[in-house]
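Numbering (our numbering), first residue to last: 129 to 322.
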C-alpha cells in the first residue's frame, strides 16, 4: 500500500487525511494521520470506521472526534540496543502491551520492526503510542529469517534481551518482569543483549 492523501472540505474547514501502511502483528493495515486546516497532524485511532475509501459521513465524523488523539498527547519510545554478540544481521524489536504470547510469540506484539545491527548496537523508534504499560523484546536476527532461533532443547541461538534487562535463570522472562509505564512525551529504553 502506498501513502495516500485525502482532503475533505466542509464550509470553512478543511480536513486532510494521510494514509500510510503500518505493520502490526505481521499484517499491513492503513493508518491515518489527520490535520484540520491550520492545525497539527494527529493519528486517527479507529480509522477503519471513517471508511478507508474516502467515505465521509456524520457517523464517521463522530467516530473520528471520539477517537482522535493529537500527536501532542501521544508518546514515543526510543529503544537503544547494546552488546549484540555479532555485527551482522538485524535486531528484531517487538513492542507489547499485554502478556499474551510474551516474549516469543511475536505475532501477539502490537508493533514489530527490524533494524540493522552496526558495531554491536542498534536503535529503533516507536511513535504515536498511547500512554500505558508496555514491554519490549529484542533479538539479534543474524540469518534474517525473522524468527528467534533456538536449538532442539530450547536454548536461544541468537542473543536476546527484554526491557528492564530482566534476566531470570533457566526460563524466559515474564511480561510482569519487563513491563514499564509510558507517559505522554518522549521516552528511552536501553536493552542489553545476552
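Don't be surprised by glycine CBs; every beta carbon is placed ideally from N, CA and C.
All of these numbers come straight from a predicted model, not from anything done at the bench.
For residue i, the three-state DSSP class (helix, strand or coil)
{"i": "residue 218", "result": "strand"}
{"i": "residue 210", "result": "strand"}
Rounded Cβ spacing between residue i and residue j (contact assumed at less than 8 Å)
{"i": "residue 256", "j": "residue 202", "result": "5 Å"}
{"i": "residue 216", "j": "residue 243", "result": "Between residue 243 and residue 216 the Cβ distance is about 13 Å, and since that is not below 8 Å, they are no contact."}
{"i": "residue 284", "j": "residue 294", "result": "Not confirmed; about 15 Å, so no contact."}
{"i": "residue 206", "j": "residue 253", "result": "5 Å"}
{"i": "residue 318", "j": "residue 210", "result": "7 Å"}
{"i": "residue 107", "j": "residue 266", "result": "Outside the shown range of the chain, which is 129 to 322, sits residue 107, and nothing can be said about it."}
Distance, residue j Cα to residue i Cα
{"i": "residue 268", "j": "residue 233", "result": "16 Å"}
{"i": "residue 218", "j": "residue 297", "result": "26 Å"}
{"i": "residue 312", "j": "residue 280", "result": "43 Å"}
{"i": "residue 241", "j": "residue 220", "result": "6 Å"}
{"i": "residue 274", "j": "residue 237", "result": "14 Å"}
{"i": "residue 278", "j": "residue 271", "result": "13 Å"}
{"i": "residue 276", "j": "residue 282", "result": "11 Å"}
{"i": "residue 299", "j": "residue 314", "result": "32 Å"}
{"i": "residue 92", "j": "residue 204", "result": "The chain is shown only over 129 to 322; residue 92 falls outside these bounds and no answer can be derived."}
{"i": "residue 235", "j": "residue 229", "result": "8 Å"}
{"i": "residue 307", "j": "residue 264", "result": "8 Å"}
{"i": "residue 316", "j": "residue 214", "result": "23 Å"}
{"i": "residue 239", "j": "residue 231", "result": "13 Å"}
State whether the region 255-267 contacts the region 213-230, with contact taken as three or more CB pairs (one from each stretch) at a distance under 8 Å. Three or more beta-carbon pairs separated by less than 8 Å link the region 255-267 to the region 213-230, which places the two stretches in contact.
Whole alpha helix (DSSP H) elements within the region 251-302, 4-residue minimum: Counting whole runs of 4 or more residues, the region 251-302 contains no alpha helix (DSSP H) stretch at all.
Below 8 Å, how does it come out for the region 285-297 and the region 242-252: are there three or more Cβ pairs, yes or no? With a cut-off of 8 Å, the region 242-252 and the region 285-297 do not count as touching, because too few Cβ pairs lie within range.
Identify every run of the alpha helix (DSSP H) within the region 218-250, keeping only runs that are complete inside it and at least 4 residues long; order them along the chain. The region 218-250 contains no whole alpha helix (DSSP H) run of 4 or more residues.
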